[in-house]
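Numbering (mature numbering (1 follows the signal peptide of the UniProt record, and there is no 0)) for the sequence shown: -20 to -1, 1 to 396.
Don't be surprised by glycine CBs; every beta carbon is placed ideally from N, CA and C.
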Amino acid sequence: MGLPRTITALTCVAALSATAACTAAEGAEIHSARGTAARVPAADPRPYARADAAFGLDLLGAWCRRDPKANIVLSPSSLAGGLGMVHLGARGDTAKAIARTLHLPSGDPLPGLHARTGALRAVGGKDVALRVTDQVWADKRVKTNGDYLDRVATAYDAGLKQLDIAGDPDAARRAVNDAVKKDTGGHIADLLPVNSVSRGTGWILTDAVYLKARWAQEFTRSGTAPSRFTTAAGATVQAPAMRRDATYGYARTGGWTAVDLPYTGGRLSMTALLPDASGTGCPSLSAGTLDRVTTALKPAMVGLTLPKADLKSRTEAKPLLTALGMGIAFSDKADLTGMSPQALQLQFVRHAATLRVDEKGTEAAAATAAGVAVLGAAPPRDKIEVAFDRPYLLIVRDTRTGEPLFLARVADPTRS
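Following this line, the structure appears as structure tokens:
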């Protein structure tokens, strides 16, 4: 699996006054003052990783209840990044509702978010590539608060790009889509569908994630064979499944059996979780239980049977986020004035993700776009057999911080 190069180009750097509009060539990137990052106190990113896991599991559960027979893949990290930029511009009850939905720790979020972003940027190495890109897109006519741009730059390393949204909404939509497609290695195309961006859209906040990583211990293609799998619909199918006898992190606790598959370098891993209950319904996994399961992982000789997977999902997340308590942000009661005195309410939150798991490793991508309306131990000697033969979960995570990069429910591995 070839690894992509990560190239960062800064076209211009500018410190913005409190509510001044910036003048630049359309599509040029304008970064707010980066000197603020040097003054951010050191912080532990792990509380924000736990928050992202809790939010991601909440969203996965709500999505599964809406469509219980579907394969689902999402990126808690990407969604938390896109919505986190909204939160930094929210005030009053709107800020509180978003913080509750995202499970954000109390206090000033900037140090923790800055540490979280730094930890994500530090991931990478031989046979592992992780690219995370955050961006604020604004109509060239609107005024974006300089303090807000400083905060998103500090928290998410996000810059500002101006577009003629009001003059040509579809051209602006295509520009955002093209950037997202590039940032996700071509895997997320047309994140924003036709007519999703209107003349009333003042800002689009995007977060894109791309991952390509090899297993520390690869599977052999000759070991892959059809294996019996009971789908979420209750049907029995023959799914191509990888087979390997090896030492993996293993745990059985809290109603779940978990096998942890590290990628090269050990910084990232994918944890496959099989519920002890044999039902095919939606998973009931809390962040606390996930933490206990991953903490309990110990080396064991495992005879692993794991289906190959090639998953694709996309959704308009507004109904799901409303069900989780964030409805005020989409209503006329929203307060996003921390972003701009012209900012009204969220118009949409689009999310798309892909996840491919095969003998060599994992390739995954995700993107989130939020649109804002504008006013005008020693291994045991015995081998443990673990066959993922019914609906299960996959979590690609940073083993140092616990940050959940991708979260998936495999309902039927023979379908995408």
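Item: Close-in-space but distant-in-sequence residues of the same chain around Asp369 (CB under 8 Å, 5 per side omitted); Value: Ser207, Arg208, Phe209, Thr210, Thr285
Item: Local Cβ density within 10 Å of Gln142, reported as buried at 16 or more and exposed below that; Value: buried
Item: For Gly341, the three-state DSSP class (helix, strand or coil); Value: strand
Item: Nearest candidate by alpha-carbon position, reference Asp32, set Ser202, Ala60, Arg19; Value: Ala60
Item: Residue burial classification, Thr274 (beta-carbon count within 10 angstroms, cutoff 16); Value: buried
Item: Boundaries (first-last residue) of the beta strand (DSSP E) holding Ser320; Value: Counting along the chain, Ser320 falls outside any beta strand (DSSP E), and DSSP gives it neither H nor E.
Item: Where Asp312 falls, given that 16 or more other Cβ within 10 Å makes a residue buried; Value: exposed
Item: Beta-carbon contacts of Ala188 that lie in its chain and below 6 Å, excluding the five residues immediately before and after; Value: Thr113, Val160, Asp163, Thr164, Ala347
Item: Chain-order list of residues whose beta-carbon lies under 6 Å from that of Val376 (same chain, five-residue window excluded); Value: Met250, Leu385, Phe386
Item: Cβ contact check for the stretch 24 to 42 and the stretch 102 to 112: 3 or more pairs under 8 Å; Value: no
Item: Distance between Ala391 and Asn51 (C-alpha atoms, nearest Å); Value: 5 Å
Item: Whole-number beta carbon distance between Gly382 and Lys71, since they are thought to touch under 8 Å; Value: One detail in the question is off: residue 71 reads as Arg in this sequence, not Lys. The Cβ separation is near 30 Å, so there is no contact.
Item: Classification of Ser365 by the beta-carbon crowding that lies within 10 angstroms, buried from 16 upward; Value: For clarity, residue 365 is Glu in the given sequence; the question names Ser instead. Result: exposed.
Item: Same chain, Cβ closer than 6 Å to Thr295, neighbours up to 5 away in sequence not counted; Value: His331
Item: CB of Asn157 within 7 Å of CB of Leu140, strictly; Value: no
Item: Helix, strand or coil at Gly382 [DSSP, three-state]; Value: coil
Item: Unbroken stretches of the alpha helix (DSSP H), 4 residues or longer, contained in the stretch 31 to 114; Value: 56 to 69, 72 to 82, 90 to 101
Item: Leu304 and Gly69 closer than 7 Å at C-beta; Value: no
Item: For Ile308, the three-state DSSP class (helix, strand or coil); Value: helix
Item: Straight-line Cα distance separating Ala350 from Arg179; Value: 15 Å
Item: Per-residue DSSP class, three states only, for Arg389; Value: strand
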